[in-house]
């Protein structure tokens, strides 16, 4: 089956640090990748949609300069949380969608980000 | 805009019994897909079942089946012979079809507890 690898699974760092999270589709090409944020006991909130080779599309209220997304290849998208602050602490999940047709999204295992 | 509503924040069921999780949605689209995702305590998002709106037949995956009522915009999930490993958050999700980006719109989730 389609596998999405997300790394790291857990990050603890100081306020002001920039943190990069990687999302890789291991056995398929993903023209579209999605980044979600999930607060405790809540649903997934879409942050941005990333298409290979083009700029990401951000959802309303998501700061594009704060959350930098790069989708440089068909198997890799990265989310960089710049100058992270405690309020950025959350669970971040990526997903990837296979090329062609109306394919389902396959999710990574998520990254728990804690900013001290 | 599409919305997905899960009216049951929490449910519980005895092991080996059957439970039904409710989901309703609102859309003016005619071409769309519906999903149920499971998120166990590990927080991995696992696709449980998928339904194409143009198909009248309800989708089935082993112990999991749906009752898709298109006119009523209802998409409930039935879990038969519940197992302890079914304990998780369950999210209903909507996706536009017709070559859209494939954004998923999630409901708020239902926390299911399977009791021994």
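Protein chains in written order, with the numbering used here: chain R, 64 to 179; chain S, 70 to 185. By construction, the Cβ of each residue, glycine as well, lies at the ideal position given by its N, Cα and C atoms.
Residues of chain R with a Cβ closer than 7 Å to the Cβ of residue 116 of chain S are, in chain order, 167. Per DSSP, the beta-bridge partners of residue 95 of chain S are S:72. At a cut-off of 7 Å between C-beta atoms, residue 170 of chain S counts as an interface residue with respect to chain R. Look at residue 94 of chain R: its C-beta is not under 7 Å from any C-beta on chain S. Going by DSSP, residue 107 of chain S is part of the beta strand (DSSP E) stretching over 101 to 108. When the beta-carbon positions are compared, residue 179 of chain S and residue 77 of chain S come within less than 7 Å of each other. By the Cβ neighbour-count rule, residue 69 of chain R is buried, with 16 or more other Cβ atoms within 10 Å of its own. Measuring C-alpha to C-alpha distances from residue 156 of chain S to each of S:94, S:176, S:175 and S:115 identifies S:115 as the nearest. In this structure, residue 159 of chain S sits away from residue 103 of chain S, with a CB-CB distance that is not shorter than 7 Å. The C-alpha of residue 173 of chain S lies about 18 Å from the C-alpha of residue 88 of chain R. In this structure, the beta-carbon distance from residue 160 of chain R to residue 73 of chain R does not fall below 7 Å. Residue 153 of chain S sits in a helix when the DSSP states are folded into three classes.
For the pair residue 111 of chain R and residue 99 of chain R, the CB atoms are not nearer than the 7 Å cut-off. Separation of residue 161 of chain S and residue 81 of chain R (C-alpha to C-alpha, rounded to the nearest whole angstrom) is 33 Å. DSSP links residue 112 of chain S through a beta bridge to no other residue. Residues of chain S with a Cβ closer than 8 Å to the Cβ of residue 154 of chain R are, in chain order, 112.
Ranking R:128, R:148, R:140 and R:104 by CA distance to the CA of residue 115 of chain R puts R:140 first. According to the DSSP assignment, residue 70 of chain R belongs to the beta strand (DSSP E) that extends over 67 to 70.
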